[in-house]
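Engineer: Take the sequence shown: its position 140, counted from the start at 1, is 139 in numbering that gives the first Met the number 0, and no numbers get skipped. From the three backbone atoms N, C-alpha and C, an ideal C-beta is built for every residue, glycine too. Handing you this structure, nothing more for now.
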Amino acid sequence: MNRPKIAIVIVTFNRSGYLQDLLVSAAAMETDPHAIVVVDNASTDDTQDVLASAATSFPAGMLINHQLKTNTGGSGGFSEGTKVALELGADWVWLMDDDVEILPDALEQFAPWMERFKVIHGRRYDFDGTPFYWQAKFNEFLGVPLPYSGKQFNREGFAVTNSGTFEGMLIKADIVREIGLPDPRFFISWDDAAYAWLAAQHTKVVYVDAFVLKRKREQKQVNLGIRHLNDGSPLFRFHVIRNRAYVGKYFREYGKLNRFGFGLGTALTFAKEIFRLVVVQHTLKGFGDLVRGFRANRALWRDKTWRPMDPADVPAQLTNDR
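Take a look at the structure:
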């Protein structure tokens, strides 16, 4: 049986130092991927120089430098990168931010799970070497992913979820063709959770007890026991409230939207972001970002022209190797 073609999709913006470290780790992988697609979101630093230098560390044609003319956010970058990966004939797409490094045996760790599931999240180490906390499952009444127990893995070493993160989501091309490309309209925030939720309407989405990545960027955070709460930027605060409307519209497409419960979930999200400002960042200075996000949220709910991503826009499966 042929080895599946795994394309790594990295989205980067003005973080050439992190990108350089990530590409060094990619070059040290025990098994080569089919392709590494780096989507440069119109960076203004030396990202292009880093990519040119790194190209010599990979077989010819493996490292794809896909430079965008404008910054489309993480959402737009992952949408474009997934499209490019499938055009290159990838059977699987492994999505990741630029501020991680790949553990050398990552693909070997994924291999047995790829025989059983079609959307997989591996575990990550935090920047200090401790296991990074990410365990979440959408509460569909509230429309928000809630953390669950740290002892979430079953005896076989996996947990079924319906949420996800683009900091390490591995998705089979067949599922992308069923649900469409990641939605670039999110720009940032909720895009990965909503995309995994969409996938979960078609297949099992799992979190497996196998370490594949390490986070490199240190963030200001507060440990709440059941989860860590990181700091957030003004862009994040705006979009985390605005994009609730996009999540709700996808829920409605699948008949899962409870308007009362979802509204309550939005109120809880707003309250959580105020808590984040006060407890993590020790300020209320970003409150206006949340208010602007809420106004934009209301406008999106009134938009009657919105449609979900069209699976017909996903590149067809190639019959021959590139």
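Ordered along the chain, which non-local residues of its own chain (more than five positions away) have a Cβ less than 6 angstroms from that of residue 260?
Structural biologist: For the purposes of this step, residue 260 is taken as residue 261 along the sequence shown, with counting starting at 1. Within the same chain, residue 260 has close Cβ partners 140, 141.
Engineer: Can you tell which of 216, 101, 43, 298 has its C-alpha closest to the C-alpha of residue 126?
Structural biologist: For this step, residue 126 is matched to residue 127 along the sequence shown. Nearest C-alpha to residue 126 among 216, 101, 43, 298: 216.
Engineer: Exposed or buried, residue 205, counting other C-beta atoms within 10 Å across all chains shown (16 or more means buried)?
Structural biologist: Position 206 of the sequence shown, counted from the start, is the residue given in the question as residue 205. By the neighbour-count rule (16 or more Cβ atoms within 10 Å), residue 205 is buried.
Engineer: If we call anything under 8 angstroms between Cβ atoms a contact, is residue 209 one with residue 299?
Structural biologist: Counting from one through the sequence shown, the residue named residue 209 turns up at place 210. Counting from one through the sequence shown, the residue named residue 299 turns up at place 300. Not closer than 8 angstroms, so no.
Engineer: How far does the alpha helix (DSSP H) with residue 75 in it reach, from first residue to last?
Structural biologist: Start at 1 with the first residue of the sequence shown, and residue 75 comes out as number 76. Element bounds for residue 75: 72–86.
Engineer: Taking the alpha helix (DSSP H) that residue 237 falls in, what are its first and last residues?
Structural biologist: Walking along the sequence shown from the start, residue 237 turns up at place 238. Per DSSP, residue 237 belongs to the alpha helix (DSSP H) from 233–241.
Engineer: Alpha carbon to alpha carbon, how far is residue 309 from residue 182?
Structural biologist: On the sequence shown, residue 309 is found 310 positions in, with the first residue counted as 1. On the sequence shown, residue 182 is found 183 positions in, with the first residue counted as 1. The straight-line gap from Cα to Cα measures roughly 10 angstroms.
Engineer: I'd like the ranges of any beta strand (DSSP E) spanning at least 3 consecutive residues and lying wholly in the region 256–305.
Structural biologist: none
Engineer: Under DSSP, the alpha helix (DSSP H) around residue 194 begins and ends at which residues?
Structural biologist: Here residue 194 corresponds to residue number 195 of the sequence shown, with the count starting at 1. Looking at the DSSP string, the run of the alpha helix (DSSP H) that includes residue 194 is 190–199.
Engineer: Rounding to the nearest angstrom, what Cα-Cα distance links residue 342 and residue 1 in this structure?
Structural biologist: Residue 342 lies beyond the range of the chain shown here (0 to 321); nothing can be said about it.
Engineer: Using three-state DSSP, classify residue 316 as helix, strand or coil.
Structural biologist: Locating residue 316 in the sequence shown gives position 317, counting from the first residue. Coil.
Engineer: Please report how far the alpha carbon of residue 41 lies from the alpha carbon of residue 76, in whole angstroms.
Structural biologist: As a working note, residue 41 is residue 42 in the sequence shown. As a working note, residue 76 is residue 77 in the sequence shown. Straight through space, the alpha carbons of residue 76 and residue 41 are spaced by roughly 10 angstroms.
Engineer: With C-beta atoms as the reference, is residue 67 less than 8 angstroms away from residue 86?
Structural biologist: Taking the first residue of the sequence shown as position 1, residue 67 is located at position 68. Taking the first residue of the sequence shown as position 1, residue 86 is located at position 87. Not a contact, by the Cβ cut-off of 8 angstroms.
Engineer: Where do the N-terminal and C-terminal ends of the beta strand (DSSP E) with residue 100 fall, by residue?
Structural biologist: As a first step, residue 100 is located in the sequence shown; it is residue number 101 there, counting from the start. Taken as a continuous stretch (DSSP letters only), the beta strand (DSSP E) holding residue 100 covers 99–101.
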